[in-house]
Structure formats: C-alpha cells, structure tokens
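Enquirer:
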Amino acid sequence: MHQLTLAEIAQGLAAKKFSSVELTQSLLARIAQLDPQLNSFITVTQDSALQQAKAADERRAAGETGALLGAPLAHKDLFCTQGIRTSCGSKMLDNFTAPYDATVVAKLAAAGAVSLGKTNMDEFAMGSANESSHYGAVKNPWNLEHVPGGSSGGSAAAVAARLLPAATGTDTGGSIRQPAALTNLTGLKPTYGRVSRWGMIAYASSLDQGGPLARTAEDCALLLQGMAGFDAKDSTSVDEPVPDYSATLGDSIKGLRIGLPKEYFSAGLDPRIAELIHASVKELEKLGAVVKEISLPNMQHAIPAYYVIAPAEASSNLSRFDGVRFGYRCEDPKDLTDLYKRSRAEGFGAEVQNRIMVGAYALSAGYYDAYYLQAQKIRRLIKNDFMAAFQDVDLILGPTTPNPAWKIGAKNNDPVAAYLEDVYTITANLAGLPGISMPAGFVDGLPVGVQLLAPYFQEGRLLNVAHQYQLTTDWHTRTPTGF
Amino acid sequence: MQWEVVIGLEIHTQLATQSKIFSGSATTFGSAPNTQASLIDLGMPGVLPVLNEEAVRMAVKFGLAIDAEIGQHNVFARKNYFYPDLPKGYQISQMELPIVGKGHLDITLEDGTVKRVGITRAHLEEDAGKSLHEDFSGMSGIDLNRAGTPLLEIVSEPDMRSAKEAVAYVKAIHALVRYLGICDGNMAEGSLRCDCNVSVRPKGQAEFGTRCEIKNVNSFRFIEKAINTEVQRQIELIEDGGKVIQQTRLYDPNKDETRAMRSKEEANDYRYFPDPDLLPVIIDDAFLDTTRATLPELPPQKRERFQAQFGLSAYDASVLASSREQADYFEQVVGISGDAKLAANWVMVELGSLLNKQGVEIDASPVSAAQLGGMLKRITDNTISGKIAKMVFEAMANGEGSADEIIEAKGLKQVTDSGAISAVLDEMLAANAEQVEQYRAADEAKRGKMFGFFVGQAMKASKGKANPQQVNELLKQKLEG
Amino acid sequence: MALERSEVEKIAHLARLGLNEADIPRTTETLNNILGLIDLMQAVDTTGIEPLAHPLEATQRLRQDQVTEQNQRDAYQAIAPAVQDGLYLVPKVIE
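Protein chains in written order, with the UniProt record's numbering: chain A, 1 to 483; chain B, 1 to 481; chain C, 1 to 95.
#1: Chain A partners of V67(C), CB-CB under 7 Å?
#2: With DSSP as the reference, label N467(B) as helix, strand or coil.
#3: Name the residues in the stretch 48 to 64 of chain B whose C-beta lies less than 9 Å from a C-beta of chain D; which are they?
#4: Restricting to Cα atoms, I'd like to know which of V50(B), A340(B), G63(B) is closest to I379(B).
#5: Taking only three categories from DSSP, how would you classify C194(B)?
#6: How would you call S313(B), buried or exposed, if buried means at least 16 neighbouring beta carbons within 10 angstroms?
#7: Beta-carbon within less than 6 Å of L287(A)'s beta-carbon, same chain only, minus the 5 sequence neighbours each way: which residues are those?
#8: Tell me the residue span of the beta strand (DSSP E) that contains T43(A).
#9: Give every residue of the same chain whose Cβ lies closer than 6 Å to the Cβ of I201(A), excluding the five residues on either side of it in the sequence, and list them in chain order.
#10: Would N268(B) be called buried (16 or more neighbouring beta carbons within 10 Å of its own) or exposed?
#11: Would T8(C) pass as a contact of P84(B) if the rule is Cβ separation under 8 Å?
#12: Measure how close the beta-carbons of T400(A) and Q178(A) come, nearest whole angstrom, since I'm counting them as under 8 Å.
#13: In three-state DSSP terms, what is Y328(A)?
#14: Would the beta-carbon of R407(B) fall within 8 Å of that of K413(B)?
#15: How far does the beta strand (DSSP E) with V6(B) in it reach, from first residue to last?
#16: Report the rounded CA-to-CA distance for V6(B) versus T210(B), giving the unit in angstroms.
#17: L39(B) to V47(B), Cα distance in whole Å?
#18: Let me see if you follow: with CB-CB separation under 8 Å, is P85(C) close to chain B or not?
#19: Suppose contacts are defined by Cβ-Cβ distances below 8 Å. Is R257(A) in contact with A228(A) by that definition?
#20: Within 8 Å (strictly less), CB to CB, does I142(B) reach chain A?
#21: What's the gap between the Cα of V75(B) and the Cα of G432(A)?
#22: Going straight from the alpha carbon of Q66(C) to that of K20(B), what length do you get?
#23: Look up K79(B) in the DSSP assignment and give the residues it is bridged to.
#24: Spatial neighbours of Y270(B) within its chain, please: CB distance less than 8 Å, with the 5 preceding and 5 following residues excluded, ordered by chain position.
#25: Kindly confirm or deny that the stretch 465 to 473 of chain B and the stretch 19 to 27 of chain C touch, where touching means at least three C-beta pairs closer than 8 Å.
#26: Counting only C-beta atoms, is F136(B) closer than 8 Å to chain C at any point?
#27: At a Cβ threshold of 8 Å, is S133(A) touching chain B?
#28: Return the residues of the stretch 257 to 285 of chain B that lie within a Cβ-Cβ distance of less than 8 Å from chain C, sorted by chain order.
#29: Between which two residues does the beta strand (DSSP E) holding Q451(A) run?
#30: P150(B) lies in the beta strand (DSSP E); which residues open and close that run?
#31: Which residues, taken in chain order from the stretch 73 to 98 of chain B, show a beta carbon closer than 8 Å to some beta carbon of chain A?
#32: Using a Cβ-Cβ cutoff of less than 8 Å, which residues in the same chain neighbour T97(A) once the five nearest sequence positions on both sides are dropped?
#33: L105(B) lies in the beta strand (DSSP E); which residues open and close that run?
#34: Since S115(A) is in the beta strand (DSSP E), which residue starts that stretch and which ends it?
#35: In chain order, which continuous runs of the alpha helix (DSSP H) of length 4 or greater are located wholly inside the stretch 319 to 364 of chain A?
#36: Taking buried to mean at least 16 other C-beta atoms within 10 Å of its own C-beta, is A305(A) buried or exposed?
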C-alpha cells in the first residue's frame, strides 16, 4: 500500500478498495518501523490522524468525493497546527503548541487530507542539508550516510522512503526543489503569492513559498490544488484564480521552447550531473520541445544577494522569539537583557545565529546601502534577466543542484560551501518565479534532479511538462533499497 | 546672555478606528489585560499583517487638512528594537516614504497673532503595549491590548520659540484631529501623546543647540511645564560651563524635573527596512477625491467665515472655532437668537465660566444651545434685560427649564409700559426729593454722575424689571422738567 | 570588510544574542567567511537600478475596519512562559 501515489490512493479510496483508516494505520505502522533510521518526523500525530481518517471515510460514505479526501500526508514542522507542537526544528519552539492552523493546514484538512504528523527540517528552514535541526540530522533513504537536502529534508526523506505519498514543504532558496532532487522526488515551488504564508513560520518573508513534495508531477498537481489560492490574511497573497492543474497534465508539449542558460553549465557543476541534464533535455526534445541556449548574465550575483536579503529579513522575523510570550525562556534571567540574550542564545542553533548576525549587520547603520540596497538592486537585475529570457523561451531548464547529496557532516563547519549548493535554486526565489525539480537519474547511486523554471503563475505548465517527461522516463519510480 | 528656545514636537495620535491597524482586534480603551491581543498583536509565529483601510483614510484626511503632499506611494518599514511591550521585536512604521509629506498648520497665539508652523511629515505606525511596573513578584507585567492600535505620528519643524507656542500648536493639532474625527483627543487615556524636542541657543545664533527629547508628555499643562523646566535646565547647564548632551528624557510632574531615561541610554540602531510582509500602499486620485469630499469645514475656514458672516473679531472667531463642538454650539445659538455678537459673548464668557466651574466639556454642558439661544432671543426682543438674563441663565444651569418657563415662573418679564415705569419713577423721585434738588442745582458735569444714582434707584424699585432704556429716557424728562 | 571582535559583539548585542566568550573567535571567523562571499556583490554595477523589495511588485490590499477577533487570552497564555493576572511577566522594566 505504501507504494501508492496520491492519484492511485484517490482511485483506491473512490473504488472502496481500502479505507482511509486502513491506509492510515498501515502508514503509521510503517513510520513506526522505519523512521528511526531516517529521523524524518519530529512529531507523529497518530491519534488525530486516525480521527481525521475516520472522518474522511464518513464523509466519503456520505457521498462526498475529492482527490485529497482521506489522503495521508504530513506537514513540514513550520506550518502551524493548532494543538500540535510546531517546532520549526528549533529548541526555541520545542515547547510551542501552536494556537492556530496555518491556511495551508486548514485548507488541506478541509479537503479531507489526513495529517500523519510534522516533518523534520533545518532549524527555521535555514539550511540545505537538514543537519541544523534541534531534533538531529535527517538521513537520505538512498544512502543513510548522506544528507537528504534541506530545509524540507524530513518531508523529502519521508516521501522518498514511502512512509507517505506526499508532504508539504517550503522553499525560500530551494528548500523544496533541492531535497526533492537529492531524494528522487518531484517538488514544486509555486509563484510567490500563490500559496498563503499565513501560519507558515517565516524565514525570509519576501522569498518564502509553500509547495508540494511528492513522487510524481501528477501528485504535486493534486497537492498544489489543495494548497494554492488567495488568502485575505496574507497581504502578499495574489488574488488570481487557481487553474485545474490536473486538467492540463496531458497536454502536448510539442513546440515548447526550452531555454538552457549557458551560465548553468560552468565549472562548479558535477560533469556527471551535466550529462544527466543533457539526457533529460533529449527526452523532452523527443516529445517535441525545442531547445535553445539562453543567458542569465547576473546569475552569479544571486548567492551574495540572497545571503544578504534572506538573513536581513530573518534577523527581523526572528526577533519575536524573545522568551516572553511563547517558546523557550532561559532559567532565572537576572534582568531583561539577560532574558533576551540567554533565551535566544540557548534557544537558537549556530546556523540560525549566524544568519541573524549577518542580517543585523547588513541592515545596520552605515551598511544598509552597501549591503541591503545593493542586494535588492541585484535582485532586480536577476528578475530582469528572467523577464528577458522569457521573451524567447517558455521554460528554463537546468540542474537543480551542482552536486548530489553529500555525506552528513561534510560541510558542517563551512556554511559558505553549503550556500554555494543553492546556486541553481535561489534565483527563482529572488525573482518570485515558479520552479519544479524532477528526477533525472543517479550518480553513484544518489539521485539527481532537473529543474524547470516558468513565468509567473505557470505552475500548470511546469506540472504538464514534468508529467509528460515522467510518462516516458522511469527515474521517479525507483525506490531506495530497504524502503 | 539672551537665550532663544527652539522646540519641535512629535505628536502621536491614536486613530479612532474600530479595529487595529494590522489586525481585527478591538481598540477599546481600558479592557482587562491582554483580552484585546490577537495572534497578530502578540506577534505569534507565522502571523501576517493586513492594513486597515480606515487608518489610511484618516491619515489622508489629516494630510489634506494641513495642505500636505500626500504620499501616493507610501511604504511600511520595520523599526527593529527589543522591548517587552513590542511583541515582534520590531515596530511597523514608515520611514523613507510616509503617507503624509510636508504641510503646515496656522496657530493663533494669545495676543491674536497667527503663526505658521511647518509640519515635516506624518506617518502611520502601530502603537506598542504597556509595561505595568507594579510589583509582580519582582517582575513587570506586560499588557498588549494597546499593541497594534493605529498611530499617526505628526512631526513638526523646529518652529516653536516658547513653551506657550508649543502648547498652542498642540492645542491646534488636538482641535484639528477632533474636527476631522480621526482621534478622540483623550490625553488622559493616551490618545494624544507628545514628545518635545527642546534646545536653546544664544539669541541671534543661526545653528541650533544640542537638543533633548522629552518623551510622552500627556497634558497641555505638563507640556508647558516640562518644556520650561528643560529649558531652564539647559540654560543653567550651559551657563555653568557644561554641555547639553543629546538624550531622551522623562518629565516627572511631581518633582517638576526631567531626567534621562535609562532604557534609552545606549545608542539605538533601528535597522529600518521595508516590511516584506506588506506591499507599497498606493493612494490613487479617486481615493483622494472621496476622502476630500468627507472633510468637514476646518478651523481656519470656520474662523474666516465667522468673521465675514457674523462680523466677529479675529480673536473671538478663532476662540469659537477652536473646537468643533464649541463652534457647532455657537452656530446653533446664533440660529435661534439671531444675534451673533450677543451669542459669541454669552458662549465665551458666561457659558465658558460655567463649564470651567463645573469642569465639563461643551458637549456635556448643563445649558443646551437651544436653551441659551432661546434666552438670548428674549434679550433681543426686550422681554428681559441683560441683568435678568444672568439670573435666568443660572436657573437654566440648575435645570429649572427653558428661559421662557423660568421668566414666566419667576415673573421676570421686563416692564415696558411707560405709564407703569413713570409711576415707579415718580414714587422714587418723591422719596429722594433732596437729591432731586441737588441735581437740579448742579452743573452739567456733576449731573452726569448723579444721574446714575437715580437709574440705580429706579431699577431697584422695579426689581430690575423696568426696561433700562425707557427708564433712562423718562428719568431724563422728569429731572430736566 | 572584515569584522573585528568588537563589531561582532556589537551586532550580537543588537540582535540580543548572548555570545559565549569561547565562541567569539569562531563566530567572527564564520561571519567573515560569509561576508567574504557577500562582498562579491560590491563589484556589480547597479547604477540607476531601482531596488526590488518584492518579486511581483504588487500593491497593498486594504482591510475593512471591522472587529473580527474575540478574547482568547486563556488559550494564548497557556503557552506563555510566565503570566500572572492576565499579564506576561518579564524581569523589571526600567524606563
């Protein structure tokens, strides 16, 4: 049963081949059995999951239908879930029982989805290896000595290991697409503003977007359908109708113009990955796509700009964690400053503190123009590059990551080396564009992802192309040994 | 040395919206602690702000009223600092692109001269909560009910040259925001709070001296006292060879002194940057036009109209126009009585002192505009004299009914029958035959003085009810004759 | 722009992060490595380029002025570290 995709589960539930309760029980048992190897869950919500499953079965018995009715999934542990710990992978929120539901959580619950729990993540979504979690590193099911990517590493590992068919994630600089690539999943970061950020604990507000991680594009379409939509509670939410993503999956991609940025294939890219990317391009050409080389001249500036903007926003977003109204508070503070300084120093891990410091510095008097404003200007240059490129092509294709998953601990003491792994993903966040990563093969037994980027609100196009690709390839169907 | 005082003010006005600037919590004053603090006001993880339209409209109203440039593209920024009454660790405010740009306000000084005060800007921001310092086992208690209440911070140019000017300016802003209906102006509840930037410089010097900011002064009287105290402190400091250090100070009304705030000792670096949870606010021309259409007649226009329409002096007009309630009251009285100058006098003098004595505002006046107007009508139609009117007014203040009811009940109607007055006079003159003799023997200059004596006697004899003009005429005839 | 120890301490204070004396040299080194990466940005010519704060450059929506929240103090304070009489407690605030 654990091999079923969301689409297959929907069919099975509709055909009454099994109930949501049966499915949920089976997956909960599997999580209990296998997750100790992976550490992909922070909290498993067995009781509420079974209640939700029972309710979904009753709704179905009463005649209700829906692709997500009774479908099991899990939420990255930065989506607030009322009455359930929402930790953000941090000691700071280890004791935080959220008093409300994130919009994404509420929407999926309303659609009848069954949440099995909260998945592990890099602390406050800051990381690309899922090693900075207070709850310990998550292991990659393809090789337990390797990282699953991050920051949505728990969601990725759980879905890749068939503990679940799909999970939610968030992507601020690649945190859906990169772990999807490193664990052989399909993961989509929607257009900025497509998915509500209400209740999604912020890392960098102008970059954060929630999205789906699943094994197929078809499943991403189903999950995104449940997540996307306008939300009056989020000022940056966009009031655009949500198309039927599943309806266009079968469209032909004949004549589709795909751009390959020449800057993508430079020295930093593992040549074995480059080869797999070119192979995926060939597949798309066979399906009728037309490929041409393009240029994104400012791409190289994206990492420095991102590592100013994201920490700057984070330094401010994370000021609310002060030990006063919720979350961790140090023992016996001797005065107010001591309360702040010790609660925050003890509650936040090293990488979070690094980024807060960098952000505070970039915004401080005398440095604002040189850092923050300069980064925002580069942000415009990067967006302009994309706007120009999309004059000539429909999609942009490239690797999701320059390297396959590295060994746990390999980059622990070198944040800069880890930052460089984001080179292909962060431009989409800076420009607010939608992007998808899909399986493209393996290097040394570790998965490789190919990334597609599209103009604003063309998630449907991305899913369509990925689905067509997955109809003629079988990378995405590969299962890690032991799972 | 002669010193010149330079004052600029930052006035925080709480906007009179129903809900907070970024959340749907009520803004009611005085509720139980933290019962009006929603997820957003508490800065819970994952929450997001959405801007209240009414707060924007109120700010624009203010901007239009001070003839300011409206920031049609204005931006919210985060001001980052840690304080327990600031739940998010930053205040959402406006920095580079405020909603209201440069404007000005004309204030009338005590001597009747009008001074124009420049307003640098006014921006929207959220209020903080409150720290309660009563002892909670050695701790402070934090109430976040006020957190997120919309504020319009109005920043003036350093244009004031005395504490009195500063107070006149605050009063003018106070009147204006109440006129506009954008703030209830309740200073005791903190609806309008004032930070005073004060410096001194030798008279004639062009550069400003080093300024100190006195935080949160919350009454007109304390503004004046705090500024004067601070000015004195600075002058004494300099004259003793010291130097003013730029700092934030608090005024202690009990000791009548200012002291440096400990919490503000360290230099702050607020790290302002555009709030990424909010988008630029665009105020289009349609929004401006509909807002402009809702503006009431404002004090300057009202003042001019009162002068032109009613022939009032500039001073009277400005006093009457200084609050919307008073101006409305006055106009209602004029409407009933038909005599603007009489109405102006009564509203400013008799009613003014009554309200003062009872310590109430004009909208809670024990004598309504209809009552006062009705009484003045009886003066103009000669039913009662001005003197009797004071008795009637007192009776109205005691809740004894309308002027007509009181005049009737007390028999205060003026006597205008010449025959009756003549009879009273004859009786009075007969009783004062000696004085009549003296009068007739006296020269013109002496007679003038003595005439007053007879008028007084006549009014006394008529119990004040005889028409004074008729008394004058008849008396003259009788004494000359 | 390499950070000195004193600057690191200043930033840590601004951000209210208590630094462990022993960690300061390593934190300084890490921050300098990160700033070294970021400083690559200074070479980019951005003359005449407008800063971009939000990818979609949309404008702010306005909410109707309506009270939509009810008192939920008990629920919200159930997760607070220290409360008394409905107030959040902190070490004494000195003005």
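A virtual CB, placed ideally from N, CA and C, is assigned to each residue, including glycine.
Expert: From the atom records:
#1: Result: empty, since nearest Cβ-Cβ is about 16 Å, beyond 7 Å.
#2: coil
#3: No chain D is part of this structure, whose protein chains are labelled A, B and C.
#4: A340(B)
#5: strand
#6: exposed
#7: I253, Q468
#8: 41 to 44
#9: L78, C88
#10: exposed
#11: In the sequence under discussion, the amino acid at residue 8(C) is Val, which differs from the Thr named in the question. No. Outside cutoff.
#12: 6 Å
#13: coil
#14: According to the sequence provided, residue 407(B) is Ile. The question's Arg does not apply to it. Yes, the pair counts as a contact, with Cβ atoms nearer than the cut-off.
#15: 3 to 14
#16: 10 Å
#17: 7 Å
#18: The displayed chain sequence assigns Asp, not Pro, to residue 85(C). By this cut-off, D85(C) is an interface position.
#19: no
#20: yes
#21: 20 Å
#22: 9 Å
#23: Q91(B)
#24: K79, N80, Y81
#25: no
#26: yes
#27: no
#28: M261, R262, S263, D269, R271, P274, P276, L278, L279, P280, V281, I282
#29: 446 to 453
#30: 150 to 156
#31: R78, N80, F82, P84, P87, K88, G89, Y90
#32: G83, I84, R85, T86
#33: 103 to 108
#34: 114 to 119
#35: 336 to 347, 350 to 363
#36: buried
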